[in-house]
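Visitor: In our numbering, the protein residues as written are 174 to 609. Think of the CB as a built atom: it goes at the ideal place given N, C-alpha and C, for glycine as much as any other residue.
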Amino acid sequence: MLLGSTLWACGGNERVYVEIPEDVDYLAILSVDDVREPLGANTLLEATGIESAASFSQLRARDAVVVGWSEDVLRPILPAPESLISSTTIRLRGESELLEALPVPGWQVGVSSVDAKVRAVKVPELTADWRPRVPVWSRLTPSTEPRGRYSADLAEDVARARLVMFGGLAEPRGGALNDTWLFEGGRWRELVTEVRPAARSNGALEPDPLSGEIILFGGHGVRGRLNDTWRLDGTEWTRLELDASPPARTEHDMVLDPIRGQIVLFGGKADGYLNDTWVFDGRTWVELALTDAPPARSKHAMFFHEARGAVVMLGGQDGNLALSDAWQLVGDDWRPLPAFNLPGPRGAFAVSYDPMTERVIMFGGTDETSGSYEGTWVFDGAWRLLEDRSRSPSARGYPAMAREPSPDTLILFGGVHWGVFEERVTAETYRLALSR
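#1: Rounding to the nearest angstrom, what Cα-Cα distance links residue 289 and residue 311 in this structure?
#2: Whether or not the region 489-496 and the region 387-402 are in contact is what I'm after, with contact meaning three or more pairs of Cβ atoms, one per stretch, closer than 8 Å; do they touch?
#3: Please report how far the alpha carbon of residue 287 lies from the alpha carbon of residue 556, in whole angstroms.
#4: Using only alpha-carbon positions, find the residue among 456, 455 and 437 that is nearest to residue 449.
#5: According to DSSP, simplified to helix, strand and coil, what is residue 528?
#6: Looking at C-beta atoms only, is the number of pairs between the region 401-409 and the region 424-442 that lie closer than 8 Å three or more?
#7: Under a Cβ-count criterion, where at least 16 other Cβ atoms within 10 Å of its own Cβ denotes burial, should residue 486 be classed as buried or exposed?
#8: In angstroms, rounded to a whole number, what distance separates the CA positions of residue 598 and residue 571?
#9: Mind reading off the beta-carbon distance from residue 391 to residue 422? Whole number of angstroms is fine, and I expect it under 8 Å.
#10: In or out: residue 558 buried (at least 16 other Cβ within 10 Å) or exposed?
#11: Measuring straight from C-alpha to C-alpha, what distance separates residue 359 and residue 478?
#12: If you drop the 5 nearest sequence neighbours on each side, which residues of the same chain put their C-beta closer than 8 Å to that of residue 575?
#13: Mapping DSSP to helix, strand and coil, what is residue 598?
#14: Could you check what DSSP says for residue 377 in three-state terms: helix, strand or coil?
#15: Please report how far the alpha carbon of residue 428 lies from the alpha carbon of residue 370, in whole angstroms.
#16: Check the C-beta distance from residue 473 over to residue 440 and give it rounded, since I have them as a contact under 8 Å.
#17: Within 10 angstroms of the Cβ of residue 205, are there 16 or more other Cβ atoms? Answer buried if so, exposed if not.
#18: Pull the bridge partners of residue 509 from the DSSP assignment, please.
#19: Taking 7 Å as the threshold (C-beta atoms), are residue 521 and residue 539 in contact?
#20: As a quick exercise: from 372, 468 and 342, pick the residue whose alpha carbon is nearest that of residue 446.
#21: As a quick exercise: from 563, 471, 307 and 361, pick the residue whose alpha carbon is nearest that of residue 375.
#22: Rounded to the nearest angstrom, what separates residue 533 and residue 426 at their Cα positions?
#23: In this structure, does DSSP put residue 333 in helix, strand or coil?
#24: On the CB-based measure, 16 or more other CB atoms within 10 Å of its CB, does residue 542 come out buried or exposed?
#25: Between 564, 553 and 519, which lies nearest to residue 546 when the distance is taken from Cα to Cα?
#26: Since residue 311 sits in a beta bridge, which residues does DSSP pair it with?
#27: Between the beta-carbon of residue 523 and the beta-carbon of residue 510, is there less than 7 Å?
#28: Whose C-alpha, out of 505, 531 and 488, is nearest the C-alpha of residue 514?
#29: Do you know whose CA, among 404, 349 and 385, lies nearest residue 368's CA?
#30: Quick check: the Cα distance between residue 484 and residue 501, rounded to an integer number of angstroms?
#31: Starting from residue 362, trace the beta strand (DSSP E) in both directions and tell me its first and last residue.
#32: Measuring straight from C-alpha to C-alpha, what distance separates residue 349 and residue 420?
#33: Where does residue 543 sit, in a helix, a strand or coil, going by DSSP?
#34: Quick one: what's got a C-beta closer than 7 Å to residue 313's C-beta in the same chain, skipping five residues either side?
#35: On the criterion of 16 or more Cβ atoms from any shown chain inside 10 Å, does residue 464 qualify as buried, or is it exposed?
#36: What separation, rounded to the nearest whole angstrom, lies between the Cα atoms of residue 331 and residue 581?
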């Protein structure tokens, strides 16, 4: 047992560090994320590492309780906010026995109305300073790098443990590109294919839900907006001949929903701004008939939130107005997700989700009037800006970013900096370490 160890938890809008008592052998973080109204009794909690169930009375968003136990003794370590009331029954399953706690006066469990999580850890596994570490950027200097660009896209090729990047706009004020680059083992190499998609910027790449191959859709080509669908099988590009396809567009975004086995596409720009939603199951595109849809936009970003089991969309731009809202796709309808609203309106930024810590990472962007944004934001119950920017990429919009095959790192490439007197396109490769 490590005495004096600390545990990180989210309470309200602040991080909380809790001293672990000497006689506690197990810990669980029970937290609430997006509750709009009190939940009924017998709400089930999904557990990581343990099984649990609980009954509830009243909850408030972004509150948290840390629970510790040893043998058959269960008690709170972090007191719950005063707004939460008691009468809670929790059942926790340890390694070999079922542990049950009767109502504990003066504290309450937090749970999300959308996705409930309990995270548990054996105390002996803690280090003297156990907490999610601050993500750290490092500049990579591979011997070969792609030509500087922005408005390219980058996607993970899971089957081959590498990243794939296609197209973009070249520097300085160059035209659209149609080259394919692979990043693996810390190195870039160009993949030269006999057949390739037309040059474009602001297309979207995602893994095929059936084969895991890389799917490319749309973008802005030399002769205008495109609506073609391509598949990269690892060595060659093939254009797919499909019965239906979304209308031509650019500045849209796509994300793979692994639970439902489909790529989700939203919005983008055509003659105007779009707010349609399409799904691709590896064979066909189908437009969803939505009751509710977010406002039309382009330059937004989407990711799959594993803890919620849902697609989340952030920000973007509608005409000259940059947006800061957040939406979640629930079934066949989008719903506002105000807890995730961005710290400021922006589009053309990079975003990713870290399943290890359930944190959202956002970098850069632009609002088209103030120039490019710098800094890395992390959402772990509330958005916070990483204070150490000494090794961070410079301000930029339209960077390409994706998770590396290693589960705890992101790779960012390129982007464009718009300042008062300059436009600078980068050819820099950065890695962000997310490890706890």
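Guide: Looking at the coordinates:
#1: Its pLDDT being 32, under 50, residue 289 is placed unreliably by the model, and the measurement read from it follows with that caveat. Cα to Cα, the separation comes out at about 34 Å.
#2: no
#3: Reliability fails at residue 287, whose pLDDT of 26 lies under 50, so the model's placement of it is uncertain and no value is given.
#4: The candidate whose alpha carbon is nearest that of residue 449 is 437.
#5: coil
#6: no
#7: buried
#8: 10 Å
#9: Confirmed, Cβ separation roughly 5 Å.
#10: exposed
#11: 26 Å
#12: 327, 328, 329, 336, 525, 583 and 584
#13: In the structure shown, residue 598 adopts extended strand secondary structure according to DSSP, grouped into three states.
#14: strand
#15: 20 Å
#16: 6 Å
#17: With a pLDDT of 42 at residue 205, under the threshold of 50, the modelled position of that residue is not reliable, and the figure given next carries that caveat. Under this definition residue 205 is a buried residue.
#18: 500
#19: For the pair residue 539 and residue 521, the CB atoms are nearer than the 7 Å cut-off.
#20: 468
#21: Per the Cα distances, 471.
#22: 17 Å
#23: helix
#24: exposed
#25: Nearest C-alpha to residue 546: 519.
#26: 604
#27: no
#28: Of the listed residues, the one whose Cα sits closest to residue 514 is 488.
#29: 404
#30: 6 Å
#31: Judged by DSSP secondary structure, residue 362 falls within the beta strand (DSSP E) whose first and last residues are 360-364.
#32: 20 Å
#33: coil
#34: 359, 602, 603 and 604
#35: exposed
#36: 14 Å
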